[in-house]
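Enquirer: Protein sequences appear in the order of chains A, B and C. Basically my numbering = 1-based index in the first sequence + 77. Basically my numbering = 1-based index in the second sequence + 2. Basically my numbering = 1-based index in the third sequence + 1476. Handing you this structure, nothing more for now.
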Amino acid sequence: MNRGSHVLRENHVILIIMALGILLVSIAVVFWTFSDAQAADPNAFNRLMQPPSKRNPPPSQDGIHDPQGPGAAALQPPKESFSKLPGGKSGNYVDWVKALDESKIQPRYDRLDPEAKPIVMDLNIVREVKGSMPDVVYPHKQHTEWLDCSNCHPAIFLPQKGANNISMAAILLGEKCGVCHGKVAFPVSECRRCHSKTKDKTAAASSNTRQVEKQAK
Amino acid sequence: MTPDSFRTVRLTTILALLILTIGLVPLHVARAEYGDVVINNYSDEAGMRPVVFPHWFHRIRFRCKVCHADLGFKFQAGGNEIDMLKIIDGEYCGACHNGDIAWSVENCDLCHSGSTGSATQVHESTLQKLVSPGGSGAVK
Amino acid sequence: MITGRYKLQGLGVAMAMVVATVVAAVIYAAGQLADAQDASGATQQALHKGLASKLQLLEKLLQDSPIVKRIERSSNSDAKDLLEAARASLVQAEEEFYTGQYEATEAAANQGLNAVTTASRMVVDRQHEEESRRERYEQLRKRVLSFTEAFQRVMTEKQGEDTAALLDRQQVSELLLEAETLAQEGNYAAANRRMTEVADTVELALSRARHKETLLHELIFDTPRDEYNYEKQRNTSYELLVDLLEKESNGKGLEDVRAAVELNRQRRREADQLVHDGDVVAGIRKLEEGTEILARALRRSGLVF
């Protein structure tokens, strides 16, 4: 019996070592998998959504730069730069307009002169849309702080009421607003940023273009 | 514990360990920075990696107008006929990357940092992400 | 004491687990250090290739590039000296490259590139400059035209003295005339300066005229026919999205969308017929229906908008 009990104890010890071994290896592998992969959990709440920690990956992991090239290691990781800037909900996950307004960035308006000031135009265009979506408000102010008039007029948009036929499909295909939005400026996934004026059900139009209001700042 | 069940446990453990250590390959889903433009007009022929132009880095330092109105860059990936000779001659990128405003052309790898053979594209643009993973089966 | 058989087997399993853990740790560590390992291992090769490309570029530059031809044709002795220095650097770099002194090669090649860059700035490319000035003049002209028209429309709309006062029409037409004359003489530099001044003046006037205003672009059309054309164009843009979907999804699972395309085409035909028969409003409604069907089908098939 003595022999038997010793046998049992040894087997227990071995089982414990096995369990520990499995635990160690599982931890190592799970850690390894999680450190590189998106949600390994098949039942994750937002399985296909990129979690915030995976946004703005460094050049060696972003799928575009060659991780073996010397460039990828030398380039600044975007997260480092964005840590100082106000966050956004899409695109770069940076609110560039806010960053400019709060002077977190001071981009030059002229290649050589850091003090040059932009000619800002403060004019809103409200475009009525078909269907139930709120009307689109296009603010010149935020755009002219970055762009020159000639960037859009007359090549992309004619500065004339009724002269521009813009549909959501056109924007998605990269025309009109889609020349920048969806490529460099924030993508069109945030509907309300543009479709921001709820339709006024009682509005009766008497002329084609009219001044609706002078905004008081 | 019986010798047989012990053997089963042992075999199962070894199998489990093998699977855990070797079977799982880390899933590397990578996304580039939004707005990065890969330019591969002449890089392949020259045996260089394609150029990756980071919009985010430049918009912190310059407004859109400077490059797209003053320097003549068109709003089109690959739509500007840029080559090394023009850059060294001070056109396009060379207007700033000349050693005065920004570093000069000798830093080949800082621009030519893309994965070899990548096509000219605006990374993560709407056109690329238009079809959702769950829809018709096309995963981006 | 443990019985021999169990002991050996037990120890064997324990050792196997230890080995397995160590193996896992090594694979993990190797994965983590992949970049560094690759960097050090493939560095020499990458460096060789990188330098070879750089030297190739410098060679091409110095042999028969337009830059070099321009410098040699010019009378700028400083630029020519720099060119000679660049050529010397290239020779030196090539020697050092073939003897494996990569750092020295890099330094010499960089020196050569910098010399050419500096030299090219000393000698301006007159022909290219003329061309780009002419292009810019054309662009400015179009811009000035479209904005002057826009200002005209604003003036008509507002019918006020103060609006007209925002823009000195006299000055603008004088400047325009000057610019055109200069352009005809071929002095595009001066012409562009005038034109830019005009453009800035008109744009400033426009932004002052419309300061802090909100313009409502209603969906009101001059004639029903206008609205019909608008709807037709909108419908077509959705059809273009279908092409994109076909391309991106390799044609899988698109029966729904294809059926919708057919329905849309049918609606378009019916709409055209209605318009032909005189009922434009009904035609517009038909087109809207078609767009709706198509848009819904696109969304169902995974097009995200």
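We treat Cβ as the ideally placed atom computed from N, Cα and C, and that holds for glycine. On a predicted model such as this, the values are computed, not experimentally measured, just so you know.
What residues in the stretch 1613 to 1629 of chain C have a beta carbon less than 9 angstroms from any beta carbon of chain A?
Expert: Gln1615, Leu1616, Lys1618, Arg1619, Leu1621, Ser1622, Phe1623, Glu1625, Ala1626 and Arg1629
Enquirer: Please decide whether Tyr44 (chain B) counts as near chain A, where near means a Cβ-Cβ distance under 8 angstroms.
Expert: For Tyr44 (chain B), the answer is no, since every Cβ of chain A falls outside 8 angstroms of its Cβ.
Enquirer: Would Ser1622 (chain C) and His230 (chain A) qualify as a contact pair, given that the criterion is a beta-carbon distance under 8 angstroms?
Expert: The criterion of a C-beta distance shorter than 8 angstroms is satisfied by Ser1622 (chain C) and His230 (chain A).
Enquirer: At a Cβ cut of 7 angstroms, what residues of the stretch 175 to 207 of chain A count as close to chain C, listed as they run along the chain?
Expert: Of all residues in the stretch 175 to 207 of chain A, only Ile196, Met198, Asp199, Leu200, Asn201, Ile202, Val203, Arg204, Glu205 and Lys207 place a beta-carbon less than 7 angstroms from a beta-carbon of chain C.
Enquirer: Quick check on DSSP: helix, strand or coil for Glu1689 (chain C)?
Expert: In the structure shown, Glu1689 (chain C) sits in a strand (DSSP, three-state: E or B).
Enquirer: Checking contacts by CB at 8 angstroms: is Ala116 (chain A) closer than that to chain C?
Expert: Unreliable positioning characterises Ala116 (chain A) in this predicted model, as indicated by a pLDDT of 47, which lies under 50. A coordinate reading is not provided.
Enquirer: My understanding is that Leu1739 (chain C) touches Leu1779 (chain C), with C-beta atoms under 8 angstroms, so please give their C-beta distance in whole angstroms.
Expert: Actually they are not in contact, since the Cβ atoms of Leu1739 (chain C) and Leu1779 (chain C) sit about 17 angstroms apart, beyond 8 angstroms.
Enquirer: Counting only runs of 3+ residues fully inside the stretch 1619 to 1656 of chain C, write out the beta strand (DSSP E) ranges in chain order.
Expert: none
Enquirer: Please check the pair Val1474 (chain C) and Leu1643 (chain C), which I expect to be a contact at CB under 8 angstroms, by giving their CB distance rounded to whole angstroms.
Expert: Given that chain C is displayed from residue 1477 to residue 1781, the structure contains no residue 1474 (chain C) and the question cannot be resolved.
Enquirer: Which residues in the same chain have their Cβ closer than 8 angstroms to the Cβ of Ala1626 (chain C), if we skip the five residues on either side of it in sequence?
Expert: Leu1682
Enquirer: Given that a residue counts as buried once 16 or more other Cβ atoms are within 10 Å of its Cβ, and exposed if not, what is Ile103 (chain B)?
Expert: exposed
Enquirer: Return the chain-ordered ranges of every beta strand (DSSP E) run that is complete within the stretch 1556 to 1611 of chain C and spans a minimum of 3 residues.
Expert: none
Enquirer: Residues in the stretch 236 to 261 of chain A with C-beta within 8 angstroms of chain C's C-beta atoms, listed in sequence order?
Expert: Pro236, Gln237, Lys238, Gly239, Asn242, Ser244, Met245, Ala246, Ala247, Leu249 and Leu250
Enquirer: Starting from Val203 (chain A), follow the alpha helix (DSSP H) in both directions and report where the run begins and ends.
Expert: Val203 (chain A) -> not in any alpha helix (DSSP H); beta strand (DSSP E) instead, spanning Leu200 to Arg204.
Enquirer: Where Ala232 (chain A) and Gly1759 (chain C) are concerned, what is the direct C-alpha to C-alpha distance, given to the nearest angstrom?
Expert: 32 angstroms
Enquirer: Which whole-angstrom value describes the C-beta separation of Tyr186 (chain A) and Arg65 (chain B), a residue pair presumed to lie in contact below a C-beta threshold of 8 angstroms?
Expert: 5 angstroms
Enquirer: Let me confirm a value: Cys226 (chain A) is counted as buried when at least 16 other C-beta atoms fall within 10 Å, else exposed. Which label applies?
Expert: buried
Enquirer: To the nearest angstrom, how far is the alpha carbon of Asp1554 (chain C) from that of Glu1548 (chain C)?
Expert: 11 angstroms
Enquirer: Check Gly116 (chain B) in the structure and name its three-state DSSP category.
Expert: strand
Enquirer: If you run the structure through DSSP and keep just helix, strand and coil, what is Arg185 (chain A)?
Expert: strand
Enquirer: List, in order along the chain, the chain B residues whose C-beta lies closer than 7 angstroms to that of Pro129 (chain A)?
Expert: What Pro129 (chain A) touches in chain B: nothing, since even the nearest Cβ is about 13 angstroms away.
Enquirer: The alpha helix (DSSP H) that contains Pro1700 (chain C), what's its start and end?
Expert: Pro1700 to Glu1724
Enquirer: Quick check: the Cα distance between His258 (chain A) and Asp1702 (chain C), rounded to an integer number of angstroms?
Expert: Distance between the alpha carbons of His258 (chain A) and Asp1702 (chain C): 28 angstroms.
Enquirer: According to DSSP, is Val99 (chain B) helix, strand or coil?
Expert: Note on identity: in this sequence residue 99 (chain B) is His, with Val being the wrong assignment. Three-state result, His99 (chain B): strand.
Enquirer: Is the beta carbon of Ile62 (chain B) less than 8 angstroms from the beta carbon of Val53 (chain B)?
Expert: no
Enquirer: Using DSSP with H/G/I as helix, E/B as strand and the rest coil, what is Phe64 (chain B)?
Expert: strand
Enquirer: What is the DSSP secondary structure of Asp143 (chain A), reduced to helix, strand or coil?
Expert: coil
Enquirer: Here's the rule: buried if 16 or more other CB atoms are within 10 angstroms of the residue's CB, otherwise exposed. What is Met126 (chain A)?
Expert: With fewer than 16 Cβ atoms within 10 Å of its Cβ, Met126 (chain A) is classed as exposed.
Enquirer: Are Gly101 (chain B) and Asn1705 (chain C) close, meaning C-beta to C-beta below 8 angstroms?
Expert: Their beta carbons are not under 8 angstroms apart, which means Gly101 (chain B) does not touch Asn1705 (chain C) by this criterion.
Enquirer: If we count the other Cβ atoms within 10 Å of its Cβ and call it buried at 16 or more, is Cys98 (chain B) buried or exposed?
Expert: buried
Enquirer: Which class does Tyr215 (chain A) belong to by DSSP, given the choice of helix, strand or coil?
Expert: Strand at Tyr215 (chain A).
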